[in-house]
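The sequence shown lines up with residues 0 to 135 when you count with numbering that gives the first Met the number 0. Cβ atoms here follow ideal geometry from the backbone N, Cα and C, with glycine treated the same way. A short worksheet on the structure shown next.
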Amino acid sequence: MGDKTKVQVSKLKPGRYIIIDGEPCRIVNITVSSPGKHGSAKARIEAVGIFDGKVRSIVKPTSAEVDVPIIDKRVGQVIAITPDTVQIMDMETYELYDVPFEGGVEDEVKDQLKEGITVEYWETLGRIQIKKVRGE
0 MGDKTKVQVS KLKPGRYIII DGEPCRIVNI TVSSPGKHGS AKARIEAVGI FDGKVRSIVK
60 PTSAEVDVPI IDKRVGQVIA ITPDTVQIMD METYELYDVP FEGGVEDEVK DQLKEGITVE
120 YWETLGRIQI KKVRGE
């Protein structure tokens, strides 16, 4: 869990994920420049951080390999809510996680959280983010 893998730049598409500056990001745009006389084609990748929402971009040759996060999508139950964190329990492993509101909970979900409800969360690179509330 929380691992990463390598993928060739030419195989990336918008909507997929990439690691830029150690931060897992969702790709929003890729533009490829045609190769020069002796150069290789270059791809400019624009992506938004999953946890911090910051826009990042990198330029790489299309033949290069980049790190791609392996995102584990799981289901948990909200056990407790404090002013700073949400405690969730994984529905399969029964492990408990304290997830900070800041960066750990999608904005649309914050108002819907209450004890006892089921949520979907993503775990990647040792970090967790609650993505949505599941209907019972």
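Distance between residue j and residue i (C-alpha atoms, nearest Å)
| i | j | result |
| --- | --- | --- |
| threonine 4 | aspartate 20 | 15 Å |
| glutamine 128 | lysine 59 | 28 Å |
| alanine 42 | glutamate 22 | 19 Å |
| glutamate 64 | glycine 115 | 43 Å |
| leucine 112 | aspartate 89 | 16 Å |
| aspartate 51 | glycine 102 | 6 Å |
| aspartate 83 | serine 32 | 45 Å |
| lysine 109 | lysine 130 | 10 Å |
| valine 132 | glycine 38 | 48 Å |
| arginine 74 | threonine 92 | Reading the sequence as shown, one finds valine at residue 74 and not arginine. Their backbone Cα atoms lie some 10 Å apart in a straight line. |
Cβ shell of residue i (< 7 Å), same chain only, five flanking positions each side left out
| i | result |
| --- | --- |
| arginine 15 | Ile26 |
| isoleucine 57 | Ile19, Ile44 |
| valine 6 | Glu64, Val65, Val67 |
| leucine 11 | Ile17, Ile26, Ile29, Ile44 |
Residue i, DSSP secondary structure in three states
| i | result |
| --- | --- |
| lysine 3 | strand |
| lysine 10 | helix |
| aspartate 106 | helix |
| isoleucine 57 | strand |
N-terminal and C-terminal residue of the alpha helix (DSSP H) that residue i is part of
| i | result |
| --- | --- |
| glutamate 101 | 100-103 |
| lysine 113 | That residue, lysine 113, is in no alpha helix (DSSP H); it is neither H nor E in DSSP. |
The beta strand (DSSP E) enclosing residue i, as first and last residue numbers
| i | result |
| --- | --- |
| aspartate 51 | Where aspartate 51 is concerned, there is no enclosing beta strand (DSSP E), given that its DSSP letter is neither H nor E. |
| threonine 143 | Since the first and last residues shown for the chain are 0 and 135, residue 143 lies out of range. |
| glutamate 22 | 22-32 |
| isoleucine 17 | 16-19 |
Residues sharing a beta bridge with residue i, DSSP
| i | result |
| --- | --- |
| glycine 75 | Asp89, Val118 |
| valine 65 | Val6 |
| leucine 124 | Note: leucine 124 sits in no beta bridge, so no partner. |
| lysine 41 | Ser32, Pro60 |
| isoleucine 70 | Note: isoleucine 70 sits in no beta bridge, so no partner. |
| lysine 131 | Glu119 |
Cβ shell of residue i (< 8 Å), same chain only, five flanking positions each side left out
| i | result |
| --- | --- |
| arginine 55 | Ile19, Asp20, Glu22, Cys24, Glu45, Ala46, Val47, Gly48 |
| glutamine 86 | Val77, Ile78, Ala79, Ile80, Leu95, Tyr96, Asp97, Val98 |
| proline 13 | Ile26, Val27, Asn28, Ile29 |
Any C-beta of chain C under 8 Å from that of residue i
| i | result |
| --- | --- |
| serine 39 | Here there is only one protein chain, and chain C is not present. |
Close beta carbons around residue i, own chain, < 6 Å, minus the five adjacent residues each side
| i | result |
| --- | --- |
| threonine 61 | Val8, Ser9, Ala40, Ala42 |
| proline 34 | Ala40 |
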